[in-house]
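Colleague:
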Amino acid sequence: MNDKFIPIYLQDAKRHIQWLYERIDAKDEKKSAVKSRNKTSFAVRFFNWLKRVF
Numbered sequence: 008m009n010d011k012f013i014p015i016y017l018q019d020a021k022r023h024i025q026w027l028y029e030r031i032d033a034k035d036e037k038k039s040a041v042k043s044r045n046k047t048s049f050a051v052r053f054f055n056w057l058k059r060v061f
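Position one of the sequence shown corresponds to residue 8 (the numbering used here), numbered consecutively onward.
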């Protein structure tokens with residue numbers, strides 16, 4: 008018997024976990040890019056809010 012035998016269900020589970028980690032990393036990269044791009048000062052946000060209200 009082969010010492011490196013891994014059951015199919017464990018191989019599938021490993022592939023699924025790797026896929027999930029890749030998805031999480033991709034979403035984290037998108038969120039960090041959006042957060043860094045959208046940094047505005049409090050004064051700018053306040054004036055924009057005033058423009059919308061009045």
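Where a beta carbon is used, it is the ideal one built from N, C-alpha and C, also for glycine.
Start and end of the alpha helix (DSSP H) containing K58?
Modeller: Its alpha helix (DSSP H) spans residues F49 to V60.
Colleague: Please report the straight-line C-alpha distance between S39 and D32, rounded to a whole angstrom.
Modeller: Roughly 11 Å separates the two Cα atoms.
Colleague: Quick check: the Cα distance between Q25 and K46, rounded to an integer number of angstroms?
Modeller: The straight-line gap from Cα to Cα measures roughly 32 Å.
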